[in-house]
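Enquirer: After the C-alpha cells below, expect a handful of questions from me.
There are 2 protein chains.
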Amino acid sequence: MDTEPLSLNHKRRLRKLRLKKYREREGLFLAEGRNACREALRGDRYPLREIIISRDLPDNDREWLSRELSSRTVPVYSCSRADINELSSEEHARGILVVCKSVDSSLDTPNNDQPDRIVYLEGISDAGNLGTIMRTSLWFGVNRIALGPSCIDPYNTKVIRASAGTIFGVSLIRDVAAEKLFSFAETQGYDLVATSPRGGIPPAELKKEGRIVLLLGEESRGLSSELMEHAHTLVTVPGSGAAESLNLAAAAAILLYETRTVP
Amino acid sequence: MDTEPLSLNHKRRLRKLRLKKYREREGLFLAEGRNACREALRGDRYPLREIIISRDLPDNDREWLSRELSSRTVPVYSCSRADINELSSEEHARGILVVCKSVDSSLDTPNNDQPDRIVYLEGISDAGNLGTIMRTSLWFGVNRIALGPSCIDPYNTKVIRASAGTIFGVSLIRDVAAEKLFSFAETQGYDLVATSPRGGIPPAELKKEGRIVLLLGEESRGLSSELMEHAHTLVTVPGSGAAESLNLAAAAAILLYETRTVP
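From first to last, the protein sequence lines stand for chains U and G. Read left to right, the first sequence gives residues 1 to 263 (the numbering used here). Read left to right, the second sequence gives residues 1001 to 1263 (the numbering used here).
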C-alpha cells in the first residue's frame, strides 16, 4: 500500500473539519476507525476522498487496509501518532481516519423509490442520541433520516462516532422544514407518527403496513405543537411513572422496533 | 437558606470524588443539576450529605432549593462559579452539586420483597450506556440493577449524568459474580434471559409473568459463554442485517419494553 506523508497544510485543513463552518465550506467530514473505514469503502453515499493512517498502525490493520484497497484507488496519507491524535476527537485515537464528501440526499425521489419508513428529527442537539438513532434505524432497515432546521450537524464527529459506522448506510436530508415535510407526506402518502408524553396509542398498536414517518423531538421540549397538530397518529411509550422521561434514543429504539418491516 | 462558604480543603476533597479510588475510600459520589438534587432529596437509597451551589445560581433555582429545604436539614455550601466549574464534569456546569453516600444494595432481600424484574450487566464499560440503562429500567419500573465484577463504576459522574437523576430511584448491587447470580436465580425462582446475536426467540415471545433477570453484555463482546450457558432463555432482537450491531442501551430498551410489567 503506497502512502504519502501528510503535509502540515493538509493536516491543518483536516483539523478544521472539526468545526461545522469548515465542514460546510469544504463539503467534507471525518470518520474514525476501521469500522468506519470499511463502511466508507463499501458504501457510495458519501464518496471516500482520502484515508489518513498513523505510522504506528498495527500490522493487522495495515494488512486489512491493503487488501481493501487492492481493487480501489484512494489516496492514503501517513502521519505520526501525535498528528493522528490531533486530528482525532477520541480519547484513544484509533489510527485510521477517513475523509468523505458530505452528500445530502433529497426527499424528492420518484414515488416508487420511496422507502416505507423515514425518521424525522426535530431540534435534536445531542450528538450521542443522533448517532445512536442512525444506528438503530439502520438496524431495523430504515435508511433515510430527515432533520429539521434546528438539529445538530449530522456530520459532527461525535455523531459519526456514535453511529458506529452506520452513517455510511443512511441517507441524510438536512434542513427539512415542517411545511416541506407536511406537503411531502401528503403527496407521497405517508402517515406522520408523533411521540407524545401522554394520550397516544401504545407502540404495539402502530400500523406495520404502509408508509410512515416517525417524528422524534428533543427529550426536554418534545415535538413542536406544529408537528403534533399535523401528526396522523400520536404514540405514547408506556411507563411506570418512576422516571420523568425516557432517553430519546431509547424511545426511538422502541418505536423503530414496533414499526419494523423486517421479520 | 443558610449557606456556608466552601473551604479550599473541602473543595479539594470533593474534586477527588471524580476518581473511583476516592469515591470508594469516602463512600461518596457527586451528582449535578436540579433534577439530580430533587431526586436525591426525595429518595432514600443514597443519603444526601451536602449540597454545593454556585454563588451566581439563578434566583429561581435558589428559591426552588429553599423551598425544598424548608422541611429538611442538609448543609449547603456556596462557592464561586470558577469553583463549581472545577468540580463539575460538564461543559456547562449547572450550579448545583449534591454529595451523596454510595450505598450498595444486596440481592439477598427476603423472598417476598424480591421484584419481578432485575437487570444484570456484564462487562459494561460505556458510561452513557450504563446511565441510559438505569433511566430506561426505571421508566419501565425496574429498580434493581446488578453489575458483574468487570463493569464500570456506576457512581462515575458520567454514568450519573446519563442516568438523568434516575440513579436515585435505582438500587445498585456491585460485584455480583456469575456464580452468585446463578445460585440467587435458582433459589429465588428467576429465569435468566440472555441476549444473543442470533438463534434466540423474538423479544415479543418473552414471558411477561414471573421473575426475570435480563442479562446484558458489552456490545462488542456480548455475554460470556458462562452466562450464555446458564441462561434459561435466549432472545434475539430482529434486524435487517444492514447494521452490524445495535447499541446496547437501545437493545436494553426493547427488552425492558417487551418484559415490562406496567400496563
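Ideal Cβ positions, reconstructed from N, Cα and C, are used throughout, including at glycine.
Would you verify that the beta carbon of residue 60/U is, or is not, closer than 8 angstroms to some beta carbon of chain G?
Expert: Chain G contact via Cβ: absent.
Enquirer: Leaving aside the five residues before and after residue 1184/G along the sequence, list all residues of the same chain whose C-beta is less than 6 angstroms from its C-beta, in chain order.
Expert: Closer than 6 angstroms at the Cβ level, and outside the excluded window around residue 1184/G, lie 1107.
Enquirer: Within a Cβ cutoff of 8 angstroms, which residues of the same chain sit near residue 141/U, ignoring the five residues on either side of it in sequence?
Expert: For residue 141/U, where only same-chain residues beyond five positions count, the Cβ hits under 8 angstroms are 117, 260, 261, 262.
Enquirer: In the stretch 128 to 139 of chain U, which residues sit with their C-beta less than 7 angstroms from some C-beta in chain G, listed in chain order?
Expert: Under the 7 angstroms Cβ criterion, the stretch 128 to 139 of chain U contributes 128, 132, 135, 136, 138, 139.
Enquirer: Give me the Cβ distance between residue 1068/G and residue 1038/G, rounded to the nearest whole Å; I'm assuming they're in contact under 8 angstroms.
Expert: So it is a contact: roughly 7 angstroms between Cβ atoms.
Enquirer: Closest to residue 78/U by C-alpha separation, out of 53/U, 11/U, 57/U, 28/U, would be which residue?
Expert: Taking only the C-alpha atoms, the option nearest residue 78/U is 53/U.
Enquirer: Measuring only between beta-carbons, confirm whether residue 1262/G sits less than 8 angstroms from chain U.
Expert: It does: the Cβ of residue 1262/G has a partner Cβ on chain U nearer than 8 angstroms.
Enquirer: Helix, strand or coil: how does DSSP classify residue 192/U here?
Expert: The answer is strand: DSSP assigns residue 192/U an E or B state.
Enquirer: Check whether the Cβ of residue 1240/G lies closer than 8 angstroms to any Cβ atom in chain U.
Expert: Output row for residue 1240/G: interface = yes.
Enquirer: Hey, is residue 1261/G close to the ligand FMN, as in C-beta under 7 angstroms from one of its heavy atoms?
Expert: Here there are no bound small molecules, and the ligand FMN is not part of this structure.
Enquirer: Closer than 6 angstroms by C-beta to residue 40/U: which residues in its own chain qualify, once you throw out the five before and the five after it? Chain order, please.
Expert: Hits under 6 angstroms: 48, 98, 100, 168.
Enquirer: In chain G, which residues lie with their C-beta within 9 angstroms of the C-beta of residue 249/U?
Expert: Here the neighbours are 1132, 1247, 1249, 1250, 1253.
Enquirer: Give a yes or no on whether the minimum CB-CB distance between residue 1264/G and chain U is below 8 angstroms.
Expert: Coverage of chain G is limited to positions 1001 through 1263, which leaves residue 1264/G absent and any answer about it impossible.
Enquirer: Once DSSP output is grouped into helix, strand and coil, what is the label at residue 137/U?
Expert: If DSSP states are grouped into helix, strand and coil, residue 137/U belongs with the helices.
Enquirer: So is residue 1177/G buried or exposed if we call it buried at 16+ other beta carbons inside 10 Å?
Expert: It counts as exposed.
Enquirer: Whole angstroms are fine: how far does the CA of residue 1186/G sit from the CA of residue 159/U?
Expert: Whole-angstrom Cα-Cα distance: 43 angstroms.
Enquirer: State buried or exposed for residue 1128/G, treating a residue as buried only when at least 16 other CB atoms are found within 10 Å of its CB.
Expert: So residue 1128/G counts as buried.
Enquirer: Just verifying my parser: in three-state terms, what is the DSSP assignment at residue 151/U?
Expert: Correct three-state label for residue 151/U: coil.
Enquirer: What number of angstroms, rounded off, separates the C-alpha of residue 1125/G from the C-alpha of residue 1015/G?
Expert: The straight-line gap from Cα to Cα measures roughly 22 angstroms.
Enquirer: Which ranges would you report for the beta strand (DSSP E) in the stretch 1196 to 1262 of chain G if only whole runs of at least 3 residues count?
Expert: Counting whole runs of 3 or more residues, the stretch 1196 to 1262 of chain G contains the beta strand (DSSP E) stretches 1211 to 1217, 1233 to 1235.
Enquirer: Check whether chain U comes within 8 angstroms of residue 1111/G, counting only Cβ atoms and requiring the distance to be less than that.
Expert: Judged by the 8 angstroms Cβ criterion, residue 1111/G is not in contact with chain U.
Enquirer: Return no unless some Cβ of chain U is closer than 8 angstroms to the Cβ of residue 1156/G.
Expert: False, the Cβ-Cβ gap to chain U never drops below 8 angstroms.
Enquirer: Anything in the stretch 1070 to 1092 of chain G with a Cβ closer than 7 angstroms to a Cβ of chain U? List those residues in chain order, please.
Expert: Here the close residues number zero.
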